[in-house]
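These notes are about the structure you will find just below.
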Amino acid sequence: AVVSTQSGHYGRGERIKVAYAEANDILGNIVKVTPSSKVVGDLAQVMVSNDYSKEDVLKNASTISFPSSVLQYLQGYLGEPHGGFPEPFRTEALRGARTVTGRPGSDMEPMDFRQIKGDLHQGYGKWVSDKDVMSYAMYPEVFKEYASHYNTYGDISKLSSDMVFGPLQMGKEYLYDQGPGKRFYITLVAVGEVNPSTGKQDVFFELNGEPKRISVTSRSNEAVTTARAKADPTKKNEVGAPMSAKVLEVRVTEGAKVTVGDPLCLLSAMKMETVVSCPVSGEITAINVSAGESIAAQDLMFVITPN
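If you're matching positions, the sequence shown starts at 50 in my numbering and goes up one per residue.
See below:
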C-alpha cells in the first residue's frame with residue numbers, strides 16, 4: 050500500500066499484485082531475495098504505470114525503457130539465475146549492453162571498510178555502525194539518502210506507517226512507543242496559517258494530554274508537478290514518461306541525432322532509477338523536461354523527427 054501510494058497507484062493494489070506475478074514470469078521466476086525481489090517489483094511498477102501486460106513487455110522489449118535494476122539483473126550483475134536468463138527477452142531488452150559471466154564481484158577492487166567508516170563518521174556522525182558500512186558498500190546512494198534523513202528527523206523506525214507516510218488526522222490519537230517507560234499519546238489539534246515572511250506555521254497538539262505547540266516549515270509552497278501535454282502512445286516519435294518520477298539528468302539536446310536505444314534522460318522514483326531510451330532513430334526536435342523537475346506518467350518529454 051505504501052509503495053502504491055507513493056508511486057501514484059493508490060487503489061490499484063490488486064493490479065500491482067497481478068503485475069508482480071507477470072513480471073516474475075517475464076524475468077524467469079527468479080529466487081526472491083534482496084535485491085532480486087526489488088528487480089521484480091521495479092518491473093511491476095513500470096507495467097502498472099504504463100498499463101503494460103506481460104505480452105506487451107515481451108513484444109516490445111527492444112523499445113521499452115526498463116529500470117536500471119532490471120537491466121543490471123539481465124546483464125548478470127546479480128549473478129546467473131537458476132535455469133539461466135529468459136531469452137529472447139534478455140537479448141532484446143539489453144540491446145547490445147555489456148554482460149558479465151561468473152561471480153559479478155570477482156574483478157572488483159578491494160574495499161577499505163575502515164576508510165569508508167571513517168568517511169561516513171565524518172560526513173554523517175559517529176552513529177554509523179559496521180552494519181551501516183555494509184549497507185553503504187552495497188547501496189551507497191540509498192544509504193546517503195537514509196543518513197541525511199536520519200540526521201534531519203532522527204530514528205523514525207518506531208513510528209507507525211500511517212504516521213510516516215501520510216499526514217496526521219485531526220483529532221485522532223496516535224501511540225508512539227519509544228522504549229520501556231516511554232510511551233507517548235499524540236493528538237493533532239490544529240494547524241496555524243503560514244507566515245509569509247518566514248514560511249513557517251504553528252502546529253498545535255496534545256502530548257499525553259498536555260497542550261504543545263511547535264513551529265514547522267510549511268510545505269504548501271513547494272513545487273508541484275507541472276501540468277504537461279501527454280505523449281500519444283500511437284506515435285513512436287513521442288517519448289512519454291514511463292512513470293511518475295523526478296528527472297535526474299537530460300542526456301540529449303535539441304537537434305541531436307539519435308538512434309534506437311540511445312539514452313535520453315535518467316529518472317528516479319521510489320529509489321528506482323530508469324534510463325529512458327530512444328524508441329526511433331532521428332533528430333531531437335523538442336525537449337519538454339529539465340533536470341530537477343517532477344513529471345507524471347505519460348507526460349510528453351521528447352519529440353523525435355524520424356529519419
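Note that beta-carbon positions come from the ideal geometry of N, C-alpha and C, so glycine has one too.
Length of the line joining the Cα atoms of residue i and residue j
{"i": "residue 272", "j": "residue 133", "result": "Note that residue 272 has pLDDT 44, beneath the 50 cutoff, so the model's placement of it is unreliable and the number below is only indicative. The straight-line gap from Cα to Cα measures roughly 45 Å."}
{"i": "residue 281", "j": "residue 289", "result": "8 Å"}
{"i": "residue 174", "j": "residue 205", "result": "17 Å"}
{"i": "residue 235", "j": "residue 228", "result": "16 Å"}
{"i": "residue 331", "j": "residue 116", "result": "24 Å"}
{"i": "residue 152", "j": "residue 239", "result": "57 Å"}
{"i": "residue 122", "j": "residue 201", "result": "33 Å"}
{"i": "residue 162", "j": "residue 182", "result": "7 Å"}
{"i": "residue 283", "j": "residue 294", "result": "22 Å"}
{"i": "residue 223", "j": "residue 244", "result": "27 Å"}
{"i": "residue 261", "j": "residue 209", "result": "21 Å"}
{"i": "residue 159", "j": "residue 287", "result": "45 Å"}
{"i": "residue 321", "j": "residue 88", "result": "9 Å"}
{"i": "residue 65", "j": "residue 259", "result": "43 Å"}
{"i": "residue 129", "j": "residue 90", "result": "19 Å"}
{"i": "residue 76", "j": "residue 135", "result": "6 Å"}
{"i": "residue 317", "j": "residue 214", "result": "19 Å"}
{"i": "residue 277", "j": "residue 336", "result": "12 Å"}
{"i": "residue 265", "j": "residue 203", "result": "16 Å"}
{"i": "residue 99", "j": "residue 301", "result": "23 Å"}
{"i": "residue 367", "j": "residue 233", "result": "A question about residue 367 goes unanswered here, because the residues of the chain that appear run from 50 up to 356."}
{"i": "residue 180", "j": "residue 246", "result": "43 Å"}
{"i": "residue 157", "j": "residue 185", "result": "16 Å"}
{"i": "residue 110", "j": "residue 248", "result": "47 Å"}
{"i": "residue 207", "j": "residue 296", "result": "32 Å"}
{"i": "residue 195", "j": "residue 141", "result": "35 Å"}
Contact test: residue i Cβ vs the ligand SAM heavy atom, cutoff 8 Å
{"i": "residue 262", "result": "Looking for the ligand SAM in the displayed structure turns up nothing, as the structure carries no ligands at all."}
Collapsed DSSP secondary structure at residue i in the structure displayed
{"i": "residue 353", "result": "strand"}
{"i": "residue 193", "result": "helix"}
{"i": "residue 166", "result": "helix"}
{"i": "residue 154", "result": "helix"}
{"i": "residue 241", "result": "coil"}
{"i": "residue 227", "result": "strand"}
{"i": "residue 252", "result": "strand"}
{"i": "residue 292", "result": "coil"}
{"i": "residue 149", "result": "coil"}
{"i": "residue 233", "result": "strand"}
{"i": "residue 318", "result": "strand"}
{"i": "residue 336", "result": "strand"}
{"i": "residue 247", "result": "coil"}
{"i": "residue 140", "result": "helix"}
{"i": "residue 348", "result": "strand"}
{"i": "residue 80", "result": "coil"}
{"i": "residue 302", "result": "coil"}
{"i": "residue 64", "result": "helix"}
{"i": "residue 265", "result": "strand"}
{"i": "residue 331", "result": "strand"}
{"i": "residue 103", "result": "helix"}
{"i": "residue 127", "result": "coil"}
{"i": "residue 273", "result": "With a pLDDT of 47 at residue 273, under the threshold of 50, the modelled position of that residue is not reliable, and the figure given next carries that caveat. Three-state DSSP puts residue 273 in coil, outside helix and strand."}
{"i": "residue 287", "result": "strand"}
{"i": "residue 8", "result": "Given a span of 50 to 356 for the chain in the structure shown, any question on residue 8 remains unanswerable."}
{"i": "residue 342", "result": "coil"}
{"i": "residue 119", "result": "helix"}
Own chain, CB closer than 6 Å to residue i, minus 5 neighbours either side, in chain order
{"i": "residue 237", "result": "217, 219 and 254"}
{"i": "residue 92", "result": "72 and 119"}
{"i": "residue 82", "result": "none"}
{"i": "residue 268", "result": "none"}
Identity of the residue in the options nearest residue i by Cα
{"i": "residue 291", "options": "95, 68 and 62", "result": "95"}
{"i": "residue 350", "options": "321, 285 and 356", "result": "285"}
{"i": "residue 131", "options": "85, 300, 111 and 267", "result": "85"}
{"i": "residue 187", "options": "198, 197 and 165", "result": "165"}
{"i": "residue 231", "options": "213, 252, 212 and 256", "result": "256"}
{"i": "residue 328", "options": "354, 317 and 348", "result": "354"}
{"i": "residue 303", "options": "156, 352, 267 and 296", "result": "352"}
Same chain, Cβ closer than 7 Å to residue i, neighbours up to 5 away in sequence not counted
{"i": "residue 41", "result": "Residue 41 falls outside the range modelled here, since the chain spans only 50 to 356, and no answer is possible."}
{"i": "residue 298", "result": "314, 315 and 340"}
{"i": "residue 274", "result": "For residue 274, the predicted model reports a pLDDT of 48, less than 50, meaning its position is unreliable; a value from the coordinates is still stated below. Excluding positions up to five away in sequence, the list reads 343, 344 and 345."}
{"i": "residue 191", "result": "320"}
{"i": "residue 124", "result": "143, 146, 147, 148 and 149"}
{"i": "residue 212", "result": "223"}
{"i": "residue 251", "result": "241, 262 and 264"}
Close Cβ partners of residue i (< 8 Å) along its chain, the five nearest in sequence each way excluded
{"i": "residue 176", "result": "199"}
{"i": "residue 305", "result": "332 and 333"}
{"i": "residue 197", "result": "173"}
{"i": "residue 127", "result": "84, 85, 88, 121 and 153"}
{"i": "residue 139", "result": "123"}
**Request:** Could you tell me whether the region 301–316 touches the region 96–107, using the rule of 3 or more Cβ pairs below 8 Å?
**Result:** no
**Asked** Are three or more beta carbon pairs between the region 137–149 and the region 164–173 nearer than 8 Å?
**Response** no
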